[in-house]
Amino acid sequence: MLPRSLLMPAAAFVAAATFAAAPAAAQMSQVSVHMGEMASTMATEREGQRDTIRFEPWQMIGDLFREDIVLLMRHGPTDWSKRDAVDVAPTDCGNQRIMTAEGKEDMRNFGILLAGNDLRPSKIVVSQWCRNQETLDAMMEGFNLIDPEWAQSVEVETDPNVSLLLSLQGAPNVTAMRERIAAWDGHDENEGPLLVLSHFTNIDELTEFHVYEGEMLVLDPKRENRVLGYLRLRSATPDVGHFAADGNSDVEDR
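The sequence shown: position 134 = 133 (numbering that gives the first Met the number 0), numbered continuously.
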């Protein structure tokens with residue numbers, strides 16, 4: 000489980016939700032007192048069940064649809080049987096860990112579910128690394144099935160400052176990443192949050208949260224980049240590179 004020390008108190012979430020309700024088109028349900036779930040009629044069935052997005056806490060539902068929040072995401076599921084070569088360049092896809100075919104399908108479904116619930120970023124900032132670029136490509140396939148016009152017009156920027164921390168050609172620290180998130184106040188022309196697609200190490204350094212592959216943290220720049228909660232596929236599981244068998248963090252790789 001993720002540490003909860005940085006989450007906003009539930010009472011504050013309830014107050015926020017009274018000012019910003021989710022769109023009527025959103026297909027959401029409450030799973031428990033703390034957890035919610037997003038579905039989509041186009042979600043691909045997997046193992047006999049339709050995948051969904053789980054988000055926690057439920058009380059942040061109003062904040063999810065603000066255009067001034069930031070979705071800080073780790074790349075999607077990768078093949079951990081192959082590790083990054085020493086000093087591999089971010090664009091050298093043949094010598095680094097890349098996404099699995101199943102991971103790409105998951106991220107495509109994630110895009111369908113996000114767009115199907117009106118969670119469309121107005122700008123996307125992505126790491127140079129191949130697994131991050133693959134994640135974005137797969138998500139865009141899903142977005143395109145729901146809203147082709149948006150998918151073809153959304154602004155996308157590849158930024159070395161969100162690339163793998165301390166690696167060859169990567170970010171030297173998270174200062175620029177932190178400042179970029181803190182400065183986000185919505186897009187001048189389009190409605191929707193900022194999506195930053197980065198890495199476990201960067202996200203851990205910035206937030207002290209340990210995220211699954213393909214998981215998003217919801218950050219509020221107006222509250223000093225406070226973590227409001229998370230979103231991830233219901234089928235998401237801890238990866239072997241960063242989590243022990245019991246699901247607790249056990250960092251071994253990046």
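Quick reminder that beta carbons are idealized off the backbone N, C-alpha and C, glycines included.
As the structure is a computational prediction, the values presented were derived from the model and not from experiment.
- Under the three-state reduction of DSSP output, M34 falls in the coil class, being neither helix nor strand.
- Along the segment 168 to 235, the alpha helix (DSSP H) occurs as fully enclosed runs of 4 or more residues at 174 to 182 and 199 to 206, listed in sequence order.
- A check of alpha carbon separations from V239 across W57, K81 and F54 identifies K81 as the nearest.
- Counted as a single uninterrupted DSSP element, the alpha helix (DSSP H) harbouring L112 occupies residues A100 to G115.
- Remark: three or more beta-carbon pairs, one from each stretch, lie closer than 8 Å, so the segment 203 to 212 and the segment 223 to 233 are flagged as touching.
- Contact annotation: the segment 48 to 67 touches the segment 102 to 116, with at least three C-beta pairs closer than 8 Å.
- One Cα belongs to C129, the other to R225, and the distance between them is close to 29 Å.
- Per DSSP, reduced to three states, the secondary structure at V161 is helical.
- By alpha-carbon distance to E204, the top candidate from T90, L71 and A88 is L71.
- Counting C-beta atoms within 10 angstroms of its own C-beta, G93 has fewer than 16 neighbours from the protein chains shown and is therefore classed as exposed.
- Burial is judged here by how many other beta carbons sit within 10 angstroms of a residue's own beta carbon; N172 has fewer than 16 and is exposed.
- Residue burial annotation: P147 is exposed, with fewer than 16 other C-beta atoms found within 10 angstroms of its C-beta.
- When the Cα atoms are used, M139 and G213 turn out to be separated by approximately 14 Å.
- Counting the other Cβ atoms within 10 Å of the Cβ of S166 gives 16 or more, which makes it buried.
- Look at the beta carbons and you see the segment 189 to 201 touching the segment 58 to 77: at least three pairs across the two are nearer than 8 Å.
- Spatial neighbours of Q132 in its own chain (CB-CB distance under 7 Å, excluding positions within 5 residues in sequence) are listed in chain order as V125.
- In this structure, L196 sits near H74, with a CB-CB distance shorter than 8 Å.
- The residue among Q26, W183, T236 and L164 with its C-alpha nearest the C-alpha of D86 is L164.
- S121 carries a coil assignment under DSSP once its states are collapsed to helix, strand and coil.
- Counting every other CB atom within 10 Å of its CB across the protein chains shown gives K103 a total of 16 or more, marking it as buried.
- The C-alpha of P120 lies about 24 Å from the C-alpha of E101.
- Using a Cβ distance threshold of 8 Å, I123 and L194 count as a contacting pair.
- DSSP, reduced to helix, strand and coil, places T134 within a helical segment of the structure shown.
- For E55, the uninterrupted beta strand (DSSP E) run begins and ends at I52 to E55, by DSSP.
- Taking the CA atoms as reference points, H198 sits about 30 Å from V32.
- Shown here, S28 sits in a strand according to DSSP, grouped into three states.
- Of A170, M176, M37 and F242, the smallest CA-CA separation from P89 is found for A170.
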